[in-house]
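Structure record follows, encoded as structure tokens.
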Amino acid sequence: MYKRRAHILFWHPSQPEKAQYAAQLAAELGGEWLIAKANSAEYLWPDLIIALDCDGIPDLERATHTQCKFWPVYSTDPENNLRERILGVIGGFRLLARLDQSTPPQA
């Protein structure tokens, strides 16, 4: 089903270290399913932009195929909050792959 790993860009409007942390965590948790970057100017590269701590979808240049989500990161437990959300995305990839008994895409 999957021809390549999903390209995900994590973006934060003022704290790039949060986006970098999220990208590293995503790579650790689901590197076989996705390639994650943080705060990159390559807005035409990702399949999904995840804007952290935004009230809505930011006005960023992006390709027509690029989806955008915004995730508030709760200050009480930001690491666990990001982990749960990223695992949810990876779980979605796994669920779709199970529909046709496919495996993670080749690197």
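With the first letter of the sequence shown counted as 1, position 9 gets the number 9 in full-length UniProt numbering; the numbers rise by one all the way through. Backbone N, C-alpha and C fix where the C-beta goes; we use that ideal spot for every residue, glycine too.
Worksheet entry | Touching by the beta-carbon criterion (3+ pairs, under 8 Å), the segment 36-55 and the segment 67-75 | Result yes; three or more Cβ-Cβ pairs closer than 8 Å.
Tell me which same chain residues have a C-beta within less than 6 Å of the C-beta of R4, skipping the five on either side of it? As a position in the sequence shown, residue 4 is number 4, starting the count at 1. Here the set comprises P105.
Query raised in the report: Do A22 and L60 have their CB atoms nearer than 8 Å?
Result: Your numbering for residue 22 matches position 22 in the sequence shown. Your numbering for residue 60 matches position 60 in the sequence shown. No; because the gap between Cβ atoms is not below 8 Å, this pair is not in contact.
Check your understanding: With distances taken between CB atoms, is the gap from A63 to W33 smaller than 8 Å?
Key -> Within the sequence shown, the letter at position 63 stands for residue 63. Within the sequence shown, the letter at position 33 stands for residue 33. Contact flag unset, no.
Cutting at 8 Å between CB atoms, please list the residues of its own chain near T103, excluding the five before and the five after it. Along the sequence shown, read from residue 1 onward, the residue named residue 103 stands at position 103. Taken in chain order, the residues that qualify are A97.
Query raised in the report: Looking at C-alpha atoms only, which residue of A26, H12, A19, S14 is the closest neighbour of G91?
Result: Along the sequence shown, read from residue 1 onward, the residue named residue 91 stands at position 91. For the residues A26, H12, A19, S14, the minimum Cα distance to G91 belongs to A26.
Would you tell me roughly how many angstroms separate the C-alpha atoms of K18 and D55, rounded to the nearest one?
Position 18 of the sequence shown, counted from the start, is the residue given in the question as residue 18. Position 55 of the sequence shown, counted from the start, is the residue given in the question as residue 55. The straight-line gap from Cα to Cα measures roughly 16 Å.
* Asked: Cβ atoms of P46 and L9: under 8 Å apart, would you say?
  -> What you label residue 9 is simply residue 9 of the sequence shown in a count that begins at 1. What you label residue 46 is simply residue 46 of the sequence shown in a count that begins at 1. Yes. Within cutoff.
| How about N39 and P16: do their beta carbons lie closer than 8 Å? | On the sequence shown, position 39 is the one that residue 39 refers to. On the sequence shown, position 16 is the one that residue 16 refers to. In this structure, P16 lies closer than 8 Å to N39 by Cβ.
ask   = What residue range is occupied by the uninterrupted alpha helix (DSSP H) comprising K18?
value = Residue mapping note: residue 18 aligns to position 18 of the sequence shown, counting from 1. That run of the alpha helix (DSSP H) goes 16-30.
| How is L51 classed by DSSP in three states: helix, strand or coil? | As a first step, residue 51 is located in the sequence shown; it is residue number 51 there, counting from the start. Note on residue identity: the sequence assigns Ala, not Leu, to residue 51. It is a strand residue.
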